[in-house]
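Working notes, beginning with the structure itself.
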Amino acid sequence: MYIIFMGPPGAGKGTQAERVASELELEHLAPGDLFRQAVKQQSELGAEVQSYMERGELVPDEITIRVILERLINIGEGKGV
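If you want our numbering, it's the 1-based position in the sequence shown plus 15.
If you want it as structure tokens, here you go:
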């Protein structure tokens, strides 16, 4: 099962996702955490993310989606919020 919470910054997506993930025993995938992991891994994708973060800009949707998809591939079938 995959559950996606969408909304603007500060809407409470992370809070609700953490609650649902805990209740259903799923992994909570927070884009900010995934960005930091990508940067730490020093991958090509991580370098792209880092360039936006260093400028204090939002990471574009297309890059965010790539980061999330990369993580989904690695967590196995049906285990992410």
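Just so you know, even glycine gets a beta-carbon here, dropped at the ideal spot from N, CA and C.
Please read these numbers as outputs of a predicted model, since none were measured by experiment.
Boundaries (first-last residue) of the alpha helix (DSSP H) holding residue i
i	result
Y67	59 to 69
L154	What the structure shows of the chain is the stretch from 16 to 96, and residue 154 is not part of that stretch, so it cannot be assessed.
Outcome for residue i when other beta-carbon atoms lying within 10 angstroms are tallied against a minimum of 16
i	result
A62	exposed
A32	buried
A53	buried
L84	exposed
L39	exposed
Selection from the options that minimises the alpha carbon distance to residue i
i	options	result
V74	L87, R86, E85, L60	L60
T79	K55, N89, D48	D48
I90	L44, E72, S37	L44
A36	M16, V82, G22	M16
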